[in-house]
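The sequence shown maps to residues 35 to 457 in my numbering. Every residue gets a Cβ at the ideal spot worked out from N, C-alpha and C, and that includes glycine. Note that the coordinates shown come from a computational prediction; the quantities given were computed from them, not determined experimentally. Shown next, in structure tokens, is the structure this report addresses.
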Amino acid sequence: MRILSVCLVNVIRRSFFQLTAQSGTFLILRSKVNTCRTFVLSTCLNKNSLPDATEKLNLDGWKDLMRTTSQEETSEKDSDAEEDPNLTATKELIEVLRLTTKLVPENISEEQFQNLLELPTKTSKKKYLAFLFKRELKKKAEKEKKEKKKESSRETCVEKNSSNKPENRLIKSFWSKSEDIVHSWRVAQSMIFGQPLVFDMSYENEMSQKEIKYTVKQMMECEAFNRRAKDPFHFHYCSLTTDSPYHKEFVKRYGEAWDKLLVTVSEKAYVEIFPRDQIVYLTADSPNEMKKFENDKIYIIGCLVDGAGKPGISFARAKRLNLATARLPLDRYLDWQIGGKNLTLNQMACILLALKDTGDWKEALKFVPQRKHSGFVGTSLTETGIGMKTKTNRITASQGVSHFAAKSSNRQTKIKWWEDVSS
């Protein structure tokens, strides 16, 4: 009886399969009669043609095929990992330094890890990890400081609200957003009517990635100072190509604000944009001393960091292009003590902005770091405030020496008097 029922079920299934094939549908059936699991596939999906026979696929063979492909993929991954020993060595170095409680940051981004892989020696990798660790601690400290400041501001607000003293409503407050709009309007006007100030961005091959980051940071400070100036310059970033190290660092730091920045960015050189007779290249190696600021000149600043340690590059480039050069009159106005006369980009921008506004070298050279000089040359120039500290220290020291000499002379007089009396 059981055998007859099984045969009847098989007949019904076969007839049903033919009907589905005629209607053009695709049917997958699992057979329970055979000991091997199979897929029953329709070879024809067209209504006009009928299949001659069903096509069967062994599921166990399909599984074996999938296993072999997965094993091949894992073997390829293992081979890729074996082909990059620097990656494994760097990971092991990080883990060892963490276990030995060395200076290793908690979180390392993909970009930082890529920079770590590019370092050639183990010592340089340790120094870079220590740098990231210190920067992470600094960020945590700044975050805690901000939170404490917020809490203190909330407490002061609560105290002000609790007091019943009436507030002064006569003077309207000037919001920072309105101030930002005013600054943006001035910079926009300078892009049409302002004097150009050109930054030569063609030195990226002369610097490392770290020096490029410092350069971009200084240029961001230049843009901030120029934005807040009364009469700002029209900034030109010349020889700045797309996807260059400079461009990538600018996009990374500014983000979406880079496309909205009120500066002129050009891949062309400055000699292709401005006339040569108006260009003056500012370099510390120039033999020509700058006498005064000229509004009809176009000043060029080479984008090299102060610590690059490569003197004469900008001057040589200006001479090759047959351009006029000039240097700041630091020796004429300042009592220079130590260090080179190469100033940072933000210091140069502040000096030129002050010269443009006032035309006074005493006001402009206040932006030179005081650690490099002991004040202005001449007594009349020390009244400006720079160098007064050194002069006061000298006077105090001389007074102390004279006071000590007076005390010692009085003591000698007393000793001589006592000897005369005792004799």
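How close, in whole Å, do the beta carbons of residue i and residue j come, if the pair is a contact with beta carbons under 8 Å?
i	j	result
G17	F267	Absent from the model: residue 17. The displayed extent of the chain is 35 to 457, so no value can be given.
F327	K390	6 Å
I313	I335	With 8 Å as the limit, I313 and I335 do not qualify as a contact, their Cβ atoms being about 12 Å apart.
M253	C337	7 Å
H270	S300	7 Å
V402	Q381	7 Å
I128	V232	At roughly 44 Å, the Cβ-Cβ gap does not stay under 8 Å, so I128 and V232 are not in contact.
Tell me which residue opens and which closes the beta strand (DSSP E) that residue i is part of.
i	result
D358	Just to set this straight, residue 358 is Ala in the shown sequence, not Asp. Segment A358 to A360, the beta strand (DSSP E) holding A358.
P230	P230 to D234
Expressed to the nearest angstrom, what Euclidean distance is found between the alpha-carbon atoms of residue i and residue j?
i	j	result
K264	L150	44 Å
P230	C191	46 Å
T157	T122	17 Å
R220	P279	30 Å
D319	R361	7 Å
P154	T275	28 Å
Q148	K159	11 Å
W395	Y367	8 Å
S143	S408	45 Å
C272	Y237	11 Å
K256	E170	Inspection of the sequence shows that residue 256 is occupied by Cys rather than by Lys. Distance between the alpha carbons of C256 and E170 is about 26 Å.
A291	V297	12 Å
K353	E323	16 Å
P363	K325	7 Å
P139	F167	4 Å
D365	A164	40 Å
D330	D311	11 Å
F410	D369	6 Å
L379	P321	20 Å
E245	N239	11 Å
S186	E178	12 Å
E126	S242	27 Å
R188	E181	11 Å
L295	G412	43 Å
S212	I226	22 Å
L386	Y315	13 Å
K5	E193	The structure shown does not extend to residue 5, since the chain spans only 35 to 457, so no value can be given for it.
K461	Y248	This structure cannot speak to residue 461, because the chain is shown only from 35 to 457.
K161	I215	43 Å
T424	S210	Because the pLDDT at T424 is just 42, under 50, the model does not fix this residue reliably, and the point stays unresolved.
G393	G289	36 Å
Return the first residue and the last residue of the alpha helix (DSSP H) that residue i is part of.
i	result
Y367	L364 to Y367
L150	E144 to E152
I246	Q243 to R261
I347	I347 to R354
F308	Segment: none, F308 is in no alpha helix (DSSP H) and carries neither H nor E.
K286	P279 to Y288
Q381	L379 to T392
P403	Looking at the DSSP string, P403 is not in any alpha helix (DSSP H), and its letter there is neither H nor E.
T122	P119 to L133
W292	Segment: none, W292 is in no alpha helix (DSSP H) and carries neither H nor E.
V216	S210 to F227
So, with DSSP's three-state summary, where would you put residue i?
i	result
G412	coil
F269	strand
G336	strand
E323	strand
Y315	strand
T298	strand
Any beta-carbon of chain C closer than 8 Å to the one on residue i?
i	result
R220	Judged by its chain identifiers, the structure shown contains no chain C, having just a single protein chain.
Ignore the nearest five residues each way along the sequence and tell me which others in residue i's own chain have a CB closer than 6 Å to its CB.
i	result
T317	S348, F349 and T359
D261	Checking the sequence, you will find Arg at residue 261 rather than Asp. Excluding positions up to five away in sequence, the list reads H217 and V221.
C70	No answer about C70 holds up, because its pLDDT of 44 lies below 50 and its placement is not dependable.
R132	V138
Among the residues of its own chain, which have a CB less than 8 Å from the CB of residue i, if the five just before and after it don't count?
i	result
P119	none
V250	Y280, E283, F284 and R287
N356	R310
A115	A caution first: A115 carries a pLDDT of 47, below 50, which makes its placement in the model unreliable, though a value can still be read off. Answer for A115: L121 and T122, listed in chain order.
Once the 5 residues before and after residue i are set aside, which same chain residues still bring their CB inside 7 Å of it?
i	result
G346	D319
M235	Y271, C272, S273, L274, Y280 and C337
Q146	L166
V130	none
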